[in-house]
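Presented below is the structure to which this report refers.
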Amino acid sequence: MSVNGINGNGFDISKLLGGTVTTPAAGSAEARDFLSSLKLQIANVESQTVGLLVSSAASGAANFADILGAGKTAGTSSLDALLGNAAGVGGTNGVSAAGRNMALFDPESAYRMMTGINRFAVNFKAEASEMGDMKSYVLTLQQEAVKLGSTAVSTSNDEIRGRVQAFANAYNGWMQRFGSELQDGGMLAGSQAAKMSQYELEQSIANPFNGAMNGVHGMADLGLSIDPVTKLATVDSARLDATLAGNKTAAIGALHEFTTNFAKSAELLNSAGNFITNRLDNLTRAISYADTNMTSLQAEFGLGDPATPTGQVAKALANYNAAHGIG
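Written out as structure tokens, the structure reads:
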């Protein structure tokens with residue numbers, strides 16, 4: 041019997057949350073939902089590796105279609121039934137002292153698969169913690185944009201300069217918190233939700249059309265720009281002062297246009313069904329499924345090596361556990 045399902049062709053754990061995430065229409069099912077993906081891939085493994093064991097135990101009394109749930113009441117998921125039997129099937133002969141289920145055709149490959157699931161279960165919690173923090177930071181930036189937007193033509197140039205710098209400082213706090221995690225190899229590098237959040241907010245600052253109707257070329261004319269290397273916001277006070285001196289009304293108009301658009305972008309990123317909340321919802325389902333089914337999965341496929349997170353992953357996991365009262 042082929043064991044390709046366990047060896048990798050049938051069970052690609054890297055796809056459990058999807059390599060790419062698109063914003064779903066309101067009320068629509070997620071195209072790359074973790075739970076559906078995991079059930080399908082585990083079912084594929086079971087159909088190749090556990091089918092022989094189950095059919096043998098059934099001694100011809102039931103075919104594999106019966107075990108998969110054929111003929112069940114409409115609306116009952118055969119995959120749910122299959123997963124519900126996981127502990128019983130895997131536990132028929134038990135897990136060995138070495139953590140392998142020796143009843144499987146290829147217990148070592150199954151063990152490696154569970155090692156991957158153990159690691160991803162930990163990573164999901166760490167990422168959920170970081171995405172939750174990102175959601176809070178985006179809200180803070182939205183609020184900072186609203187504050188900056190309260191600037192009036194009557195506001196002194198010194199005060200305007202201070203407010204622009206305060207906004208830049210808030211933006212830099214966000215980038216210093218998440219910048220390294222968004223880079224290749226970082227914890228959030230594979231999260232489209234996180235990378236799109238960075239991109240959208242950066243582009244809001246770089247947009248040259250804010251104030252264009254009055255001859256202003258975006259926030260760059262007000263001294264605020266993004267360093268192409270560090271991705272941090274910088275403020276050129278001399279350029280800001282020059283724009284204010286040349287046409288303060290136009291400058292404040294551009295500032296208002298920018299802050300309105302920036303605040304709207306931040307609000308959309310955090311809105312229901314959009315990038316950040318959608319990712320958090322997927323992670324929550326993934327974590328719930330893993331927590332609920334880990335024991336039965338390990339009984340069926342073996343224990344796998346325990347996850348040993350380090351660095352930022354370990355810190356984020358500790359934050360998640362603390363927030364959820366996990367000792």
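For the sequence shown, the working numbering assigns the number 41 to the initial residue and increments by one for each residue that follows.
Built from N, CA and C at the ideal position, the CB exists for glycine as well.
Asked: Can you tell me the Cβ-Cβ gap for Phe164 and Ala330, rounded? I've got them flagged as a contact below 8 Å.; Found: 7 Å
Asked: On the CB-based measure, 16 or more other CB atoms within 10 Å of its CB, does Gly251 come out buried or exposed?; Found: buried
Asked: When the Cα atoms are used, what is the spatial distance from Val204 to Gly344?; Found: 52 Å
Asked: Cutting at 6 Å between CB atoms, please list the residues of its own chain near Gly139, excluding the five before and the five after it.; Found: Gly342, Leu343
Asked: So, Arg159 versus Ala347, is the Cβ gap smaller than 8 Å?; Found: yes
Asked: Per DSSP, what kind of secondary structure is Val275 in: helix, strand or coil?; Found: strand
Asked: Which partner residues of Ser265 appear in the DSSP bridge assignment?; Found: Thr274
Asked: Within 10 angstroms of its Cβ, does Thr299 collect 16 or more other Cβ (buried), or is it exposed?; Found: buried
Asked: With DSSP collapsed to three states, give me the class of Phe315.; Found: helix
Asked: Looking at the structure shown, is Met36 part of a helix, part of a strand, or coil, going by DSSP?; Found: Because the chain here runs from 41 to 367, residue 36 falls outside it and cannot be looked at.
Asked: Starting from the C-beta of Ala98, find all residues in its chain whose C-beta is less than 6 Å away, skip the five residues before and the five after it, and write them out in chain order.; Found: The predicted model places Ala98 with a pLDDT of 41, which falls under 50 and marks its position as unreliable; any figure quoted below should be read in that light. Cβ within range, chain order: n/a, list empty.
Asked: Roughly how many angstroms separate the alpha carbons of Ile38 and Glu221, rounded to a whole number?; Found: The shown model of the chain, from 41 to 367, leaves out residue 38, and the question about it has no answer.
Asked: Under three-state DSSP, which class holds Val391?; Found: Residue 391 lies beyond the residue range present for the chain, which begins at 41 and ends at 367; the question has no answer from this structure.
Asked: Note down, in chain order, each residue of its chain lying with its Cβ closer than 7 Å to the Cβ of Asn310, except the 5 sequence neighbours on either side.; Found: Lys175, Val178, Leu179, Ile316, Thr317
Asked: Could you have a look at Ala229 and say whether DSSP puts it in helix, strand or coil?; Found: coil
Asked: Considering only the beta carbon of each residue, do Leu262 and Ala229 sit closer than 8 Å?; Found: no
Asked: Checking 8 Å against the spacing of the C-beta atoms, do Lys271 and Glu242 come in under that value?; Found: yes
Asked: Is Thr193 helix, strand or coil by DSSP?; Found: Checking the displayed sequence, the identity of residue 193 turns out to be Val instead of Thr. If DSSP states are grouped into helix, strand and coil, Val193 belongs with coil.
Asked: Leaving out five residues on either side along the sequence, give the residues of the same chain with a beta carbon under 8 Å from the beta carbon of Glu297.; Found: Asn250, Gly251
Asked: Excluding the 5 residues flanking Gly14 on each side, which residues of the same chain have their C-beta closer than 8 Å to its C-beta?; Found: Nothing about residue 14 can be read from this structure; the chain reaches only from 41 to 367.
Asked: Unbroken alpha helix (DSSP H) runs of length 4 or more, entirely within the stretch 304-353: which are they?; Found: 315-341
Asked: To the nearest whole angstrom, what separates the beta carbons of Gly258 and Pro268, a pair I think is in contact under 8 Å?; Found: Actually they do not touch by this definition, with Cβ atoms about 15 Å apart.
Asked: What residues in its chain sit with their C-beta under 7 Å from that of Asn197, if we drop five residues either side in the sequence?; Found: Asp281, Leu284
Asked: If you draw a straight line from the alpha carbon of Gln183 to that of Met334, how long is it in whole angstroms?; Found: 41 Å
Asked: So is Ser68 buried or exposed if we call it buried at 16+ other beta carbons inside 10 Å?; Found: Model confidence at Ser68 stands at a pLDDT of 33, short of 50, so the residue's coordinates are unreliable; what they give is reported in the following sentence. The residue is exposed, with fewer than 16 neighbouring Cβ atoms inside 10 Å.
Asked: List the whole-angstrom C-beta distance separating Val275 from Ala208, where the pair is believed to meet the contact cut-off of C-beta under 8 Å.; Found: 5 Å
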